[in-house]
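As they're listed, the protein sequences go chains A and B. No gaps in the numbering here: position 72 of the first sequence is 72 in the numbering used here, and each next residue is one more. Each position in the second sequence, counted from 1, maps to that position plus 1000 in the numbering used here. I have placed the structure first, in the form of structure tokens, so that the comments after it can refer back to it.
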Amino acid sequence: MARLDSDFCGIRSPNPFWLASAPPTDKAYNVERAFEAGWGGVVWKTLAEAGPPVVNVSGPRYGALLAVDRSLIGFNNIELITDRELESNLAEIAAVKRRWPDRAVLVSVMVPCREESWKAILPRVEDTGCDGIELNFGCPHGMSERGMGSAVGQVPEYIQMVTGWCKRYTRLPVIVKLTPNVTDIRFPARAAKAGGADAVSLINTVNSIMGVDPDTLRMSPDVGGKGTHGGYCGPAVRPIALHMVAEIARDPETAGLPICGIGGIGSWRDALEFIALGAGSVQVCTAAMVFGFKIVQEMVSGLAAYLDAKGLASVEALRGRALASVTEWRYLDLNRISKAVIHQDLCIQCGRCHIACEDTAHQAITAQRDGRRYFEVKEEECVGCNLCVNVCPVPGCITLRELAPGEIDRRTGQAVSGTALDWTQHPNNPLRSGA
Amino acid sequence: MSEPHRADIRPGRLAPQTYAAHFADHVAPLTGAQALLEANRCLYCFDAPCMQACPTHIDVPSFIRRIAEGNARGAAESILESNPLGGSCARDCPTEVLCEQVCVRNTQQGQPVAIGRLQRFAVDALMASAEPHIFTRAPASGRRVAVIGAGPAGLACAHALAREGHEVALFDAKPKAGGLNEYGVAAYKVAGGFAQREVEWLLAIGGITLHSGWRLASAAQLEALRREYDAVFLGVGLGSTHLLGVPGEALEGVVDAVQFIGALRQAQDLGTLPVGRRVLVIGGGMTAIDAGVQSKLLGADSVTIAYRRGPQHMRASRHEQELALTQGVGILHWLAPVEVLGEGGSARAVRFARQRLEGERLVPTGEEIVLETDMVLKAIGQRLDERVLAECGLALREGRIAADASGRTSIANVWAGGDCIAGGQDLTVEAVADGLRAARAIGRQLRGERRRPEQ
Chain A
1 MARLDSDFCG
11 IRSPNPFWLA
21 SAPPTDKAYN
31 VERAFEAGWG
41 GVVWKTLAEA
51 GPPVVNVSGP
61 RYGALLAVDR
71 SLIGFNNIEL
81 ITDRELESNL
91 AEIAAVKRRW
101 PDRAVLVSVM
111 VPCREESWKA
121 ILPRVEDTGC
131 DGIELNFGCP
141 HGMSERGMGS
151 AVGQVPEYIQ
161 MVTGWCKRYT
171 RLPVIVKLTP
181 NVTDIRFPAR
191 AAKAGGADAV
201 SLINTVNSIM
211 GVDPDTLRMS
221 PDVGGKGTHG
231 GYCGPAVRPI
241 ALHMVAEIAR
251 DPETAGLPIC
261 GIGGIGSWRD
271 ALEFIALGAG
281 SVQVCTAAMV
291 FGFKIVQEMV
301 SGLAAYLDAK
311 GLASVEALRG
321 RALASVTEWR
331 YLDLNRISKA
341 VIHQDLCIQC
351 GRCHIACEDT
361 AHQAITAQRD
371 GRRYFEVKEE
381 ECVGCNLCVN
391 VCPVPGCITL
401 RELAPGEIDR
411 RTGQAVSGTA
421 LDWTQHPNNP
431 LRSGA
Chain B
1001 MSEPHRADIR
1011 PGRLAPQTYA
1021 AHFADHVAPL
1031 TGAQALLEAN
1041 RCLYCFDAPC
1051 MQACPTHIDV
1061 PSFIRRIAEG
1071 NARGAAESIL
1081 ESNPLGGSCA
1091 RDCPTEVLCE
1101 QVCVRNTQQG
1111 QPVAIGRLQR
1121 FAVDALMASA
1131 EPHIFTRAPA
1141 SGRRVAVIGA
1151 GPAGLACAHA
1161 LAREGHEVAL
1171 FDAKPKAGGL
1181 NEYGVAAYKV
1191 AGGFAQREVE
1201 WLLAIGGITL
1211 HSGWRLASAA
1221 QLEALRREYD
1231 AVFLGVGLGS
1241 THLLGVPGEA
1251 LEGVVDAVQF
1261 IGALRQAQDL
1271 GTLPVGRRVL
1281 VIGGGMTAID
1291 AGVQSKLLGA
1301 DSVTIAYRRG
1311 PQHMRASRHE
1321 QELALTQGVG
1331 ILHWLAPVEV
1341 LGEGGSARAV
1351 RFARQRLEGE
1361 RLVPTGEEIV
1371 LETDMVLKAI
1381 GQRLDERVLA
1391 ECGLALREGR
1401 IAADASGRTS
1411 IANVWAGGDC
1421 IAGGQDLTVE
1431 AVADGLRAAR
1441 AIGRQLRGER
1451 RRPEQ
């Protein structure tokens, strides 16, 4: 049986599934229920400095992008950080950690960009007995207007500066949570590392407006007739998060920096993808908010079964295994030739492949043969673009076949080369090496 | 000594409140949520097979996608543009042998998209809306067309011609327009008075004058119409039914199934309709199924359909046969009636000769059985009332009016369509297609000529 226990920059947990800093981790009641359900750890909902707590709207805080069956595709929120007293939170964190010593309890913190603010709060947090600090440099709504959250995460110099303060005022591991609302995620990650961060976690939520109500012509959700952008999360952001995790994992400047993967994880398969692209642990929020805490049991079961099936002894053995497959476009082999193949025994004759290819791609799929409805790839036109595979409603009905070296590509009339040729070497590239 | 036979035929076999439940919508309308889910099963096929399978070529992928996008009105517009009787076709089309039979979801999921029910959803939504009239009439053309028969073919033809600005006189022998939708289709398929709501919607286009209670009974009438109007369309349906042609057919309790259904459709109170305790239906088409099922719904203890050939030969679709069976109607095959046996002037049993196929030919096996009954419903097919039409000089083919691909008959300026012409399977949707096709041809002719040619 594979081991799921996790050691993430010195923080131990029985499995790599943590609840992200968010509404589900706002108070002891929820966190207790999460641990009872089996979560490996939690990041307590972001604490602010002592004083009057923030005030949340008491109207719609959440909006959703739903599929037609009302399964959730994307989710957004405008909830701020904890609106409970600092003292209550600290007392609850301490009590929960005492009751659950084997679970990871991290605390998210967001205070103004003043050294004394961090100096004041960090020892208080450390006193709870928690396992680590997560710096909330990610929230894109509300707090960013007050110079915190993503307003910090978008300026690498601030990230480095604040991370440095934190490392000075606490002995706990410091994880910097990054905002995806930047052009190149590597710069904030490098800044976190330069500031001494023990790890980064990403992604926080994406700036978003969920929609416009066609009747009222107001953005939605709205609070008394006005809305504001919220933070987008859920399955729809997962590809964005995976890319950012892989970018940091591949960046030589941040090599070895532990990464906690976040963004649309709702199943063991989603977690697998983050781990295979370099994440050492993962955080979940939206899926728990949709299905409740019990869902962690399905994730644990699935990941363990997968590791066993693959003969991998631990989560650590999976980490980064897909990274070598990620590269720049210029290193893709331009000599590889694929052609779509329509498996007629599975074809249901809907013709979506034909019309997609005919209207928007390469006119490489027939609609008829001998006057009869028949969909077949014209290899002399097919560039192997994969559009038909993606629009076909039947899994496995259309696949790509890679031509063997020496085989004639009927589109070009040329034999397929057995050697790789990428853009850096391509004769059409005026800047190719040695040109 | 046994009791003398007394046929048990009487009304009011059920508690009064039971009738409404029995004759409510047999297929429940889709709710908004169901329609949305079902609409999203449609793959928006290229050159969609369903659209090809529909005699009126409704653009099924388009209308379903509009439902999926929350635009039921646009969906109805797309449907009615191709088929102005899309509401009744959605209810009584045998979709399982038309659009839904060729739906690609059959192959993938063993279950087609519920095209008929979605079509009903869209059209019903339009009809229930504050402004259900989406079509406007072109400026008056000054041309006049007589349409004989206000069934699906005649209504479709009249509506299309009226939209073009022509003036239409619509004649029908019955008190109400609607044809078989009003008088023939099983009540639970067009529940809630839909047939008349549809007629009202169609006539609201304007330019159509309905003359009910007018029957084409002589060649002189047709001649007069040809003189008075620029064109004539015949959508007279099939006015007669076949006879069993066996002894005892005139006994009391032997009833024409078409008349039985017509009376049922027009009954204000279904509790007043007499029905036998034991009912025998003779025939194998839709009328047999409709008569059998409705007898059962009226409270008959036992209903048996007897058909002279096998299940695969029945004109009623497999779906309809299954419907009958699930309603508790038995179906016996390979039985041809030989004699209706009576007592005291009433039918008490039917003697059947068992049949088998010898090559293509049906031959008796020599075995006979007698089935006791209180009521015999004859449903062995309808036929054209040929006499008047032949007198009019119309060429006939296969016992029906001969018409070309546009519906043109052998008489100048006379078109025909629907069940009364040769070819087709006597479906409502085919009748609509015929009516529309003839309207297009008539329209072309009316636009192409300045005045009616002298005869």
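Quick reminder that beta carbons are idealized off the backbone N, C-alpha and C, glycines included.
Proximity to residue i [Cα-Cα], best of the options
i, options, result
"S201/A", "I209/A, M210/A, G211/A, A189/A", "A189/A"
"R84/A", "G63/A, A95/A, A48/A", "A48/A"
"F1135/B", "P1061/B, G1154/B, H1159/B, R1143/B", "H1159/B"
"A1177/B", "G1443/B, V1236/B, C1093/B", "V1236/B"
"Q1312/B", "G1393/B, L1332/B, L1273/B", "L1332/B"
"L1210/B", "L1436/B, G1149/B, C1042/B", "G1149/B"
"T1041/B", "G418/A, V416/A, P393/A, H426/A", "Before going on, a small fix: residue 1041/B reads as Arg here, not Thr. Per the Cα distances, P393/A."
"G195/A", "Y158/A, V315/A, G351/A", "Y158/A"
"P1055/B", "I1079/B, I1067/B, V1376/B", "I1079/B"
"M161/A", "T360/A, C139/A, E116/A, M143/A", "E116/A"
"S1082/B", "V1275/B, R1143/B, C1157/B", "C1157/B"
"I408/A", "E380/A, R432/A, Q425/A, G396/A", "E380/A"
"R171/A", "G227/A, L80/A, A249/A, D198/A", "D198/A"
"R250/A", "V300/A, R330/A, G278/A, D184/A", "G278/A"
"D7/A", "A288/A, G132/A, A64/A, G351/A", "G132/A"
"G211/A", "G227/A, T205/A, V96/A", "G227/A"
CB contact check: residue i to chain A, cutoff 8 Å
i, result
"Q1108/B", "yes"
"R1451/B", "Residue confidence is low: R1451/B scores 48 on pLDDT, short of 50, so the model does not pin down where it sits. Its coordinate-derived value is still stated next. Not closer than 8 Å to any Cβ of chain A, the Cβ of R1451/B fails to qualify, so no."
"L1036/B", "yes"
"V1104/B", "yes"
"A1130/B", "no"
Interface flag, residue i vs chain B, CB-CB below 8 Å
i, result
"P180/A", "no"
"A367/A", "yes"
"C350/A", "yes"
"I355/A", "yes"
"S433/A", "no"
For residue i, the first and last residue of its enclosing beta strand (DSSP E)
i, result
"L66/A", "62 to 66"
"H1201/B", "Residue identity differs from the one stated: residue 1201/B is Trp in this sequence, not His. Counting along the chain, W1201/B falls outside any beta strand (DSSP E), though it belongs to the alpha helix (DSSP H) covering 1194 to 1203."
"S338/A", "338 to 342"
"T1209/B", "1208 to 1212"
"W18/A", "17 to 19"
"Q1355/B", "1346 to 1358"
"M219/A", "218 to 220"
Residue range of the unbroken alpha helix (DSSP H) whose run includes residue i
i, result
"N390/A", "387 to 391"
"I93/A", "86 to 99"
"T981/B", "Here chain B covers residues 1001 to 1455 and nothing more, so residue 981/B does not appear."
"N76/A", "Looking at the DSSP string, N76/A is not in any alpha helix (DSSP H); the run it does join, the beta strand (DSSP E), is 72 to 77."
Cross-chain neighbours of residue i in chain A, by beta carbon under 9 Å
i, result
"N1040/B", "A67, V68, D69"
"L1030/B", "Simply none; closest approach about 14 Å."
Near the ligand MN: residue i beta-carbon under 7 Å from a heavy atom
i, result
"R432/A", "Only the bare structure without any ligand can be found here, which leaves the ligand MN out of the picture."
Residue i: contacting residues in chain A (beta-carbon distance under 7 Å)
i, result
"D1047/B", "G351, A367"
Chain B residues whose Cβ lies nearer than 8 Å to that of residue i
i, result
"P393/A", "L1043, Q1108"
**the region 305 to 319 of chain A / the region 23 to 34 of chain A touching (three or more Cβ pairs under 8 Å)** = Counting C-beta pairs with one atom in each stretch, the region 305 to 319 of chain A and the region 23 to 34 of chain A have fewer than three that are closer than 8 Å, which means they do not touch.
**Item:** Touch test, the region 1121 to 1132 of chain B against the region 1022 to 1037 of chain B, Cβ-Cβ under 8 Å, three pairs minimum
**Value:** These segments touch.
**Prompt:** Would you say the region 231 to 243 of chain A touches the region 104 to 117 of chain A, given that touching needs at least three Cβ pairs under 8 Å?
**Reply:** In short, these stretches do not touch, since the Cβ pair count stays below three.
**Asked** Three or more beta-carbon pairs under 8 Å between the region 335 to 353 of chain A and the region 33 to 48 of chain A, yes or no?
**Response** Three or more Cβ pairs closer than 8 Å define a contact, and the region 335 to 353 of chain A falls short of that threshold against the region 33 to 48 of chain A.
**Prompt:** Just checking, does the region 1152 to 1172 of chain B make contact with the region 1239 to 1251 of chain B on the three C-beta pairs under 8 Å criterion?
**Reply:** No, the region 1152 to 1172 of chain B does not touch the region 1239 to 1251 of chain B.
**Asked** Is the region 1004 to 1022 of chain B touching the region 319 to 328 of chain A, taking contact as three or more C-beta pairs under 8 Å?
**Response** As far as the Cβ criterion goes, the region 1004 to 1022 of chain B does not touch the region 319 to 328 of chain A, which means the pair count is below three.
**Message:** Measuring CB atoms only, is the region 1289 to 1297 of chain B touching the region 1178 to 1186 of chain B, in the sense that at least three cross pairs come out at less than 8 Å?
**Reply:** The region 1289 to 1297 of chain B is in contact with the region 1178 to 1186 of chain B.
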